[in-house]
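Q: Dropping a structure here in structure tokens format, bear with me for questions.
4 protein chains.
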Amino acid sequence: MTELAAVKAALKSQAVETPSWAYGNSGTRFKVFAQQGVPRSPWEKLDDAAQVHAFTGVAPTVALHIPWDRVDDYAALARHAEDRGLRLGTINSNTFQDDAYRLGSVCHPDAAVRRKAVDHLLECVDIMDATGSRDLKLWFADGTNYPGQDDIRARQDRLAEALAEVYGRLGEEQRMLLEYKLFEPAFYTTDVPDWGTAYAHCLKLGPKAQVVVDTGHHAPGTNIEFIVATLLREGRLGGFDFNSRFYADDDLMVGAADPFQLFRILHEVVRGDGFGSGVAFMLDQCHNIEAKIPAIIRSVMNVQEATAKALLVDRAALADAQAAGDVLGANAVLMDAYNTDVRPLLREVREEMGLDPDPLAAYARSGWAEKIVAERVGGEQAGWGA
Amino acid sequence: MTELAAVKAALKSQAVETPSWAYGNSGTRFKVFAQQGVPRSPWEKLDDAAQVHAFTGVAPTVALHIPWDRVDDYAALARHAEDRGLRLGTINSNTFQDDAYRLGSVCHPDAAVRRKAVDHLLECVDIMDATGSRDLKLWFADGTNYPGQDDIRARQDRLAEALAEVYGRLGEEQRMLLEYKLFEPAFYTTDVPDWGTAYAHCLKLGPKAQVVVDTGHHAPGTNIEFIVATLLREGRLGGFDFNSRFYADDDLMVGAADPFQLFRILHEVVRGDGFGSGVAFMLDQCHNIEAKIPAIIRSVMNVQEATAKALLVDRAALADAQAAGDVLGANAVLMDAYNTDVRPLLREVREEMGLDPDPLAAYARSGWAEKIVAERVGGEQAGWGA
Amino acid sequence: MTELAAVKAALKSQAVETPSWAYGNSGTRFKVFAQQGVPRSPWEKLDDAAQVHAFTGVAPTVALHIPWDRVDDYAALARHAEDRGLRLGTINSNTFQDDAYRLGSVCHPDAAVRRKAVDHLLECVDIMDATGSRDLKLWFADGTNYPGQDDIRARQDRLAEALAEVYGRLGEEQRMLLEYKLFEPAFYTTDVPDWGTAYAHCLKLGPKAQVVVDTGHHAPGTNIEFIVATLLREGRLGGFDFNSRFYADDDLMVGAADPFQLFRILHEVVRGDGFGSGVAFMLDQCHNIEAKIPAIIRSVMNVQEATAKALLVDRAALADAQAAGDVLGANAVLMDAYNTDVRPLLREVREEMGLDPDPLAAYARSGWAEKIVAERVGGEQAGWGA
Amino acid sequence: MTELAAVKAALKSQAVETPSWAYGNSGTRFKVFAQQGVPRSPWEKLDDAAQVHAFTGVAPTVALHIPWDRVDDYAALARHAEDRGLRLGTINSNTFQDDAYRLGSVCHPDAAVRRKAVDHLLECVDIMDATGSRDLKLWFADGTNYPGQDDIRARQDRLAEALAEVYGRLGEEQRMLLEYKLFEPAFYTTDVPDWGTAYAHCLKLGPKAQVVVDTGHHAPGTNIEFIVATLLREGRLGGFDFNSRFYADDDLMVGAADPFQLFRILHEVVRGDGFGSGVAFMLDQCHNIEAKIPAIIRSVMNVQEATAKALLVDRAALADAQAAGDVLGANAVLMDAYNTDVRPLLREVREEMGLDPDPLAAYARSGWAEKIVAERVGGEQAGWGA
């Protein structure tokens, strides 16, 4: 296989998981601007996700969020997905929207609240059994707002205990993906603020516990690709929650704020043999003001473009320049790939996959946007955070 | 008057405005945790604010937020306040919660939306006439989420036009306070991101336009007291929205995250003759997880303590050390005031004002908290952001 | 003229000023790694700058730094430049390396130190008269390290007084470019920390006072292109000091850390009619570990590529999408230009200018690097900061 | 023993290590302002350190930096220290000032450079054997300035290999303290950027490898006390490099920028039983513009004050409020200790130790400052970074 053929094959095999909640309404603490045609049920979210996969060809799975996507019959939901060419993906837990969780969930000072939270996590594993999902993604809103509010260290002990119980419940092929986040909604400490904390917990749990990197969850200036390289070296990179930020956890479309950073991250994934391995590529975004389905299609395309550039890096030339200590030469090899316009290549890839080379235009022509606005009348729209 | 007597007199004359919305429920985009006993109307918010003033003696005015605090009869509302020893304070506009404002208000590309927003601002001045408020505080959620989304510069032109119309409507004794904010809810640009932008607009408008500094609205590392000193030097510091942040616009209790910074800010206010002038001291906080009235009392006390320390700075000794280039000596003079425990002094001040020296304990004993939980049943609780 | 011809013409007319000090050694506080062949005098710096211009065609002027580039005969220096196809550019003052400036220069508490500093600035204008330079660029290291160390506001008064004296000395066609910087070498306050402070001083001085934006001098998260758009709208953007940063004032090659940001900045320049106007495009970089001349050539090329992309933005389509409130469509128009590989276009431009299409390869083949290593033996190498 | 007696006993037993290099000249990349009376040799640095200990009573050890403090006879140096009531403390390596280290030391692509660096580290252990030092502190300036410059992951492999060799050389009672730093002097990646990376390496090395927290080495917004609590929980907190920052690694006096943060850090140390254990309290500061010995005395006092406040926290009341979920109450317990003026207590402690209650005034009266200015004439002053 020629090198270009290998790049194309890799791009065709890429899989980006889209999150069910991104199809619903979302907003900031100030306002949720509702959009027309938004799904009113998990079933309709899958219908929309199927559109994204139909036009991109690389978004075959959908992440669910419990309880937002709770249904009576997960097997039926899985069939609904399959009928549309999709599979159910990662199960995301929610331990931040019940009134009991005001001061935390698995780290709460009250054992009864912790029990409730752990029971929810165990229920999520039950759902994974039903859906055939591989990954349980855990993000905890736990933390404190004021110095002294709770005992930072005791909360780590409680966290470790909860994780251990859930880990013990995982099946042979199931994984626990532990997400970290510097702040929000907690504003003094979060209980898993950084990759180091997530990594330390995963180490103690075992090989099925992996760290997930949300690209919006770091302090300003953090070098995310370094973390990616390090976690791959340690065998602990479970996956990504992709999105963009300029300031905090802005949850904009991936690749919208710093496409060069996204490229550098994917370069480390490729270099660390993380592409095509178990590393999950997931979106976690909020389309607060823009049309949701096109925004998700665009996001998938942005991931594809960054991946294509990363695959095009001349690694032999790069290694030579690095070994020679040629700072400018090595940088130039990387920049040469980044500066390449890979859109023609991706159009070719899509045509070879039997797709329209321009997914956004094809979606716009499809009439789906008009159809859902017309049909999804009445009922309650799904909302992120509700 | 001895120096200590002057400090006490200044502390007794201090006035901290509390915001009506801080008495209602608030939260993050993830969840609003409702609390029991929360007010269900502007009238009940004033009842709570009266408690804060009753126990601290230095919170005589309450800021209103339109439309959250819209009533049919503002004169009646003002009487309700006066009956409780309060006055109505700053009027805050809201141009971010109507569906029309998805892409902005006064900066929106559509002239009809801008008209709607300006009309709201003009209505706020009408209300000021009715309430006798001096200040119109303008914070705009306007901005963009994606590069290219709108024309940054054209939005400035639209903003200038809107401000000019509203400024022209102000009465002789009324002021416009223009607030800036780096980000949120807009995540690429905001239309008034920094003090420089607010200042430039105020300059063009005239002397009744002043900049308001929200202590949570800056980029990491920004030296806020420098901005305070500069605005005072320029005669353009209209006031403060006090709160605390560790990360972004966390809206925690003022003095909770960096009490030394609060002291430094108040030192510049005192040094710049801003204390006792027209500079408004306002709180703008969200008590998402803690009890609201005690949190506000505590916040007022934190402002008092920082003010007391600032008033205690030995300014002659400081000036001498500064003139001598004595870096450590000058710093030591400032730190000496900061390290002083001013709580005994403030207890004395309160006793001289006929108050309980411990406002929080006195409030706890008063039974108000239990009373509102018992009585405020049914109806709809007020919520920040709703 | 076709649109493409106009883009090419604009690119051919671009002028990027290179700084004399970037050809000398530089480093961090930890270490200056000396390189072979580095110039030993202003004359040799011009020789190197001539290479950059010879291979890029768009670097016709060189900024000088006084006293680093002090010579007895500036007319002779100007002729030396002209003989090599160059002109002398902006004069940069230095008020941070004399022992007298430990606590500041024009803001120092001691009037004698201020006098010394102002005299130096006046000397710089004398030099401008001799060199024919248009711009005096002022960056002040002034500031304080500790709270209380000096009076923030009094320092502003001293600054204003010094600037006024120097401004009064400017000739009809001369300008004062005032640079701001958040921190370093002062670590508590700087006396011109942000664009607002620089702008406020410039306003009071008059139209010949303009703000200069160094792309590495902002707090994390600052939207630089907003500042650019605002200063252009106010008629106060004097120019840029281009470089790159990941963390602080890293002074890396422009375009190396966030090429998308550089593009957005240049988009606002083009949109605000700042291209081809009096806005100066200057580099201000430290090539601590990489070869200096190739790094400067690369930097010039990076500015060219970002400019080319900005010129290619379909502004009519952009305006239409913006007016329609089409968030994704407007963003897509901008991204389409950014994602274009403009290197072929620039190769064409260079060929039409009679240059080698690949400046870096041509420079490498030229033998200049080997020549200066061989010839510049003995004497003292020029160093940034020395 | 009463509680107060216990607090006093703890304060008397505290030991803060001062760094030899803080007595010498230091500066920024822009300028080193030399001060009069600065030591010209390791012997004179110890003389100055003895003054700090004489007046504070809690600075009994001095950290050395190799090669800056290289002497022919370390036993003689140790006796010189003992004669002055001091002991030699931590040995700090230096792998950033040799020309060979332009692209790194232990992570350099060239094996010969790595060998040279490791040999230096092994030499440091030899010196530890001679001085009786317990700790080898490793900070690496290694990193890259440009994306692609070197292989991030391969550098980790090289780092691990070097650390393992040095670890193997440690004696039974010796420790390796691994420091992390986000940036500077490398501006794209550093090879040990965060506590997670340092921790991961220490885990693989063994129990004698511990993480050291420099309070100036984090991204903006990082919650340092969380890291402290976590490392203590993991048994991997080797010690602190104390200093203050407003922006980057400003290296100001500890407690000068955010005294509340310092208190919170020490609260976690006390809570995690890290006080009086093997956790080393070291200063690592640069007194660029202020008098050096008084600045170090002041820094030691700042650590004492924060420690005293941390020791005064009513831990039983705190635990009760935390268990009850009383957010404001728990915060109030912590703030009560912080707001206490502990300077009278520390004056008492000093008097009980036979010291002057005011170390700075006593030092000023001692005549030492005048003596060293008069006597230390000729020779070459010691400089940080040289």
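Residue numbers (the UniProt record's numbering), protein chains in the order written: chain A, 1 to 386; chain B, 1 to 386; chain C, 1 to 386; chain D, 1 to 386.
C-beta atoms are modelled at their ideal positions from N, C-alpha and C, and glycine is treated no differently.
#1: Tell me, which residues are paired with A209 of chain B by DSSP?
#2: According to the Cβ coordinates, are F260 of chain B and Y338 of chain B closer than 8 Å?
#3: Consider the Cβ of E290 of chain B: report whether some Cβ of chain D lies at a distance smaller than 8 Å.
#4: Please classify A49 of chain D: is it buried, with 16 or more other beta-carbons within 10 angstroms of its beta-carbon, or exposed?
#5: Quick test of the definition: if touching needs 3 or more C-beta pairs under 8 Å, does the region 141 to 150 of chain A touch the region 189 to 203 of chain A?
#6: Determine whether the beta carbon atoms of P71 of chain A and P42 of chain A lie at a separation below 8 Å.
#7: Give a yes or no on whether 8 Å exceeds the smallest Cβ distance from D273 of chain C to chain B.
#8: Just curious, the beta strand (DSSP E) that N92 of chain D is in, first and last residue?
#9: Contact between the region 256 to 270 of chain B and the region 213 to 227 of chain C: three or more CB pairs below 8 Å?
#10: Measuring CB atoms only, is the region 170 to 190 of chain B touching the region 22 to 41 of chain A, in the sense that at least three cross pairs come out at less than 8 Å?
#11: Run through DSSP, which three-state label would P42 of chain B get?
#12: Could you give the DSSP three-state label for D129 of chain A: helix, strand or coil?
#13: For P359 of chain D, which residues of its own chain have a beta-carbon under 6 Å away from its beta-carbon, when the five flanking residues on both sides are left out?
#14: How close, in whole Å, do the beta carbons of L237 of chain C and V279 of chain C come, if the pair is a contact with beta carbons under 8 Å?
#15: Between which residues of its own chain and G206 of chain B is the CB-CB distance below 8 Å, once the five residues before and five after are set aside?
#16: According to the neighbour-count rule (16 or more other Cβ atoms, all chains shown, within 10 Å of its Cβ), is D83 of chain B buried or exposed?
#17: One question on the structure: do V62 of chain B and G89 of chain B come within less than 8 Å of each other, judged by their Cβ atoms?
#18: Could you check whether the Cβ of N302 of chain A sits closer than 8 Å to any Cβ belonging to chain B?
#19: Would you mind giving the Cβ-Cβ distance between T18 of chain B and V52 of chain B, rounded to the nearest angstrom? I have them listed as a contact below 8 Å.
#20: Quick check on the burial criterion: 16 or more other C-beta atoms within 10 angstroms. Buried or exposed for residue 396 of chain C?
#21: For A386 of chain D, which of helix, strand or coil comes out of DSSP?
#22: Quick one: list the residues of chain C neighbouring P220 of chain B, beta-carbon separation under 9 Å, in chain order.
#23: Given a threshold of 16 other Cβ atoms within 10 Å of its Cβ, counted over all protein chains shown, does A209 of chain B qualify as buried or as exposed?
#24: Below 8 Å between beta carbons is the criterion; list the residues of the region 130 to 162 of chain D that meet it against any residue of chain C, in chain order.
#25: For F30 of chain D, which residues in chain B fall below 8 Å Cβ to Cβ?
#26: Closest Cβ-Cβ distance between L262 of chain D and chain C: below 8 Å?
#27: Residues of chain B with CB under 8 Å from T340 of chain D, in chain order?
#28: What residues from chain C crowd round Y247 of chain A, counting only those whose CB sits closer than 8 Å?
#29: Thinking C-alpha only, which one of D:Y101, D:M128 and D:V113 is nearest D73 of chain D?
#30: Say whether chain B places a C-beta atom closer than 8 Å to the C-beta of A386 of chain D.
#31: Quick one: is R79 of chain D buried, meaning 16 or more other Cβ sit within 10 Å of its Cβ, or exposed?
#32: Using a Cβ-Cβ cut-off of less than 9 Å, list which residues of the region 39 to 73 of chain B approach chain A; keep chain order.
#33: Note down, in chain order, each residue of its chain lying with its Cβ closer than 6 Å to the Cβ of V342 of chain B, except the 5 sequence neighbours on either side.
#34: Can you pull the chain D neighbours of D258 of chain B, defined as C-beta to C-beta under 9 Å?
#35: Which residue marks the beginning of the alpha helix (DSSP H) containing M301 of chain B, and which one marks its end?
#36: In this structure, how does DSSP classify H108 of chain A when only helix, strand and coil are distinguished?
A: In short, the structure shows the following:
#1: Walking along the second sequence from the start, residue 209 of chain B turns up at place 209. Answer by DSSP bridge pairing, in chain order: B:M176.
#2: Here residue 260 of chain B corresponds to residue number 260 of the second sequence, with the count starting at 1. Here residue 338 of chain B corresponds to residue number 338 of the second sequence, with the count starting at 1. Closer than 8 Å, so yes.
#3: As a first step, residue 290 of chain B is located in the second sequence; it is residue number 290 there, counting from the start. Chain D contact via Cβ: present.
#4: Sequence index remark: in the fourth sequence, residue 49 of chain D carries index 49 (1-based). So A49 of chain D ends up on the buried side.
#5: yes
#6: One-based indexing of the first sequence puts residue 71 of chain A at position 71. One-based indexing of the first sequence puts residue 42 of chain A at position 42. Looking at the sequence provided, one finds Val at residue 71 of chain A rather than Pro. Yes. Within cutoff.
#7: Mapped onto the third sequence, residue 273 of chain C falls at position 273. Closer than 8 Å: no.
#8: As a working note, residue 92 of chain D is residue 92 in the fourth sequence. Its beta strand (DSSP E) spans residues R87 to N92.
#9: no
#10: yes
#11: By 1-based counting over the second sequence, the position of residue 42 of chain B is 42. Looking at P42 of chain B - three-state DSSP - the assignment turns out to be helix.
#12: Working through the first sequence from its first residue, we reach residue 129 of chain A at position 129. DSSP places D129 of chain A in helix when its eight states are reduced to three.
#13: By 1-based counting over the fourth sequence, the position of residue 359 of chain D is 359. Answer for P359 of chain D: F55, T56 and I297, listed in chain order.
#14: Position 237 of the third sequence, counted from the start, is the residue given in the question as residue 237 of chain C. Position 279 of the third sequence, counted from the start, is the residue given in the question as residue 279 of chain C. About 6 Å separates the two Cβ atoms, so the contact holds.
#15: Start at 1 with the first residue of the second sequence, and residue 206 of chain B comes out as number 206. So the qualifying residues of the chain are Y167.
#16: By one-based count along the second sequence, residue 83 of chain B stands at place 83. With fewer than 16 Cβ atoms within 10 Å of its Cβ, D83 of chain B is classed as exposed.
#17: One-based indexing of the second sequence puts residue 62 of chain B at position 62. One-based indexing of the second sequence puts residue 89 of chain B at position 89. Yes, the pair counts as a contact, with Cβ atoms nearer than the cut-off.
#18: For the purposes of this step, residue 302 of chain A is taken as residue 302 along the first sequence, with counting starting at 1. With 8 Å as the cut-off, N302 of chain A does not count as an interface residue toward chain B.
#19: On the second sequence, position 18 is the one that residue 18 of chain B refers to. On the second sequence, position 52 is the one that residue 52 of chain B refers to. T18 of chain B to V52 of chain B, Cβ: 6 Å. Contact.
#20: Outside the displayed range of chain C (1 to 386) lies residue 396 of chain C, so it cannot be described from this structure.
#21: Start at 1 with the first residue of the fourth sequence, and residue 386 of chain D comes out as number 386. Note that A386 of chain D scores 45 on pLDDT, short of 50, meaning its location in the model is unreliable; the coordinates nonetheless yield the value given after this. DSSP places A386 of chain D in coil when its eight states are reduced to three.
#22: Looking up residue 220 of chain B in the second sequence gives position 220. Ordered by position in chain C, the residues that pass the 9 Å Cβ test against P220 of chain B are A219, P220 and G221.
#23: Here the question's residue 209 of chain B lines up with position 209 in the second sequence. Answer is buried; the Cβ neighbour count reaches 16.
#24: A141, N145, Y146 and P147
#25: Within the fourth sequence, residue 30 of chain D is the residue found at index 30, counting from 1. Those within 8 Å of F30 of chain D in chain B number zero; the least Cβ separation is about 18 Å.
#26: Here residue 262 of chain D corresponds to residue number 262 of the fourth sequence, with the count starting at 1. Not an interface residue.
#27: The sequence position of residue 340 of chain D within the fourth sequence is 340, counting from 1. Here the neighbours are D341.
#28: Against the first sequence, residue 247 of chain A aligns to sequence position 247. Ordered by position in chain C, the residues that pass the 8 Å Cβ test against Y247 of chain A are G221.
#29: Here residue 73 of chain D is taken as the residue at index 73 of the fourth sequence, counted from 1. Closest option to D73 of chain D, Cα to Cα, is D:M128.
#30: Counted from its first residue, the fourth sequence places residue 386 of chain D at position 386. In this prediction, A386 of chain D scores a pLDDT of 45, lower than 50, which makes its location untrustworthy; the coordinate-derived value is nonetheless stated afterwards. It does not; no Cβ of chain B falls within 8 Å.
#31: Taking the first residue of the fourth sequence as 1, we reach residue 79 of chain D at position 79. Exposed, by the Cβ-count rule.
#32: none
#33: Position 342 of the second sequence holds residue 342 of chain B. Cβ neighbours of V342 of chain B beyond the five flanking positions: E305, A308 and K309.
#34: The sequence position of residue 258 of chain B within the second sequence is 258, counting from 1. D258, F260 and Q261, listed in chain order.
#35: What you label residue 301 of chain B is simply residue 301 of the second sequence in a count that begins at 1. Where M301 of chain B is concerned, the enclosing alpha helix (DSSP H) stretches over K292 to L312.
#36: Within the first sequence, the letter at position 108 stands for residue 108 of chain A. DSSP places H108 of chain A in coil when its eight states are reduced to three.
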